[in-house]
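Worksheet: one structure, shown below.
In full-length UniProt numbering, the protein residues as written are 1 to 326.
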């Protein structure tokens, strides 16, 4: 199109100014040269579609490709601890003061088994217990981090498209606004976790897994892009329950993965500790921390050992000494 306009303009200029055909051909060639020089700056190379020009947010979760540098290098424990910290932030969101229970509790109770999301994995703790629990620390990271990256990408794509769910009615706008804030917050927590995992993979020299396309979600027959408010909440609830289970499993797994050497107990890979024992120990550890915090500073104190009474007893003793001296 641009080439045709340039040729037409060149011939029109030749007609107006009575240029020769040779001069017109020279002008046309020069215009064609300029067009071919500027084309790479203003358009994508031939053969690239719109989807390839724009990278999805889960592909580079940190905003740009992560590169290793001497300033970024940390020891294995610190690197895994950073990932663990970001998981704690995401887990704490479920226990913070928000509207999750208010929006989804009724839907979750009534429709527990009426949703299917086969692209989102389950049983992450069982997988980690079988594949990595009894390995040495470096080997655990080599196995666990790519698995985390894979699963987090799946959740990132899912929550990304939950944000764009199309409602076919304007029912309950207040609840809809609260729902949108919940989905947005969870999505950003997932992107931050994915960024930390990707950074850890690069820093530790582990091969970065390939990225997924949105089609794993949007082309699934179990995915709904639009519907009424109830249908939206049902789909949300299914995703959120799997996401919460994913976080719960990895909070237990990190107790083993990100532990220091002195806290890591050697076990036989062919005979790891039972999962029920691991879960029970994790719950007891949490309860023990809460009890110690509540009872700190209150042990072995009897009523009547206050500071004021000790001062009074000292005054009585001083008075008795003065009387004896007199």
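Note that CB positions come from ideal geometry on N, CA and C, so glycine has one too.
The structure presented is a predicted model; accordingly, all values stated were derived computationally and were not measured.
For a test of the three-state rule: what should DSSP assign to residue i, helix, strand or coil?
i, result
"residue 226", "strand"
"residue 268", "strand"
"residue 204", "coil"
"residue 46", "Bear in mind that a pLDDT of 35 at residue 46, under 50, signals an unreliable position, so the number given afterwards is only what the model happens to contain. Looking at residue 46 - three-state DSSP - the assignment turns out to be coil, as it is neither helix nor strand."
"residue 135", "coil"
"residue 243", "helix"
"residue 66", "coil"
"residue 196", "helix"
"residue 292", "Confidence at residue 292 is low in this model, with a pLDDT of 44, below 50, so its placement is unreliable and the value that follows should be read with caution. Helix."
"residue 214", "coil"
"residue 174", "helix"
"residue 297", "In this prediction, residue 297 scores a pLDDT of 47, lower than 50, which makes its location untrustworthy; the coordinate-derived value is nonetheless stated afterwards. Of the three classes helix, strand and coil, the one that applies to residue 297 here is coil, per DSSP."
"residue 75", "coil"
"residue 60", "coil"
"residue 259", "coil"
"residue 219", "coil"
"residue 185", "helix"
Using the DSSP secondary-structure output, state which residues sit across from residue i in a beta bridge.
i, result
"residue 236", "Paired residues: none, contrary to the question."
"residue 55", "Beta-bridge pairing links residue 55 to no other residue."
"residue 148", "DSSP output for residue 148 lists no bridge partner at all."
"residue 167", "227"
Just to check my reading of the structure: residue i and residue j have Cβ atoms closer than 8 Å, yes? What is that Cβ distance to the nearest angstrom?
i, j, result
"residue 80", "residue 138", "So it is not a contact: roughly 10 Å between Cβ atoms."
"residue 190", "residue 215", "Actually they are not in contact, since the Cβ atoms of residue 190 and residue 215 sit about 19 Å apart, beyond 8 Å."
"residue 237", "residue 93", "16 Å between Cβ atoms; not a contact."
"residue 117", "residue 222", "6 Å"
"residue 98", "residue 183", "At roughly 12 Å, the Cβ-Cβ gap does not stay under 8 Å, so residue 98 and residue 183 are not in contact."
"residue 254", "residue 84", "5 Å"
With C-beta atoms as the reference, is residue i less than 8 Å away from residue j?
i, j, result
"residue 257", "residue 193", "no"
"residue 122", "residue 242", "yes"
"residue 246", "residue 124", "yes"
"residue 144", "residue 160", "no"
"residue 226", "residue 165", "yes"
"residue 59", "residue 211", "yes"
"residue 196", "residue 279", "no"
"residue 217", "residue 158", "yes"
"residue 213", "residue 62", "no"
"residue 239", "residue 148", "no"
"residue 134", "residue 268", "yes"
"residue 100", "residue 146", "no"
"residue 208", "residue 76", "no"
"residue 66", "residue 252", "no"
"residue 275", "residue 232", "no"
Is any beta-carbon of chain C found at less than 8 Å from that of residue i?
i, result
"residue 57", "Absent from the structure: chain C. Only one protein chain is present."
Cβ of residue i within 7 Å of any heavy atom in the ligand COA?
i, result
"residue 224", "As for the ligand COA, it is missing from this structure, which has no ligand bound."
Whole alpha helix (DSSP H) elements within the segment 87–128, 4-residue minimum: 100–110
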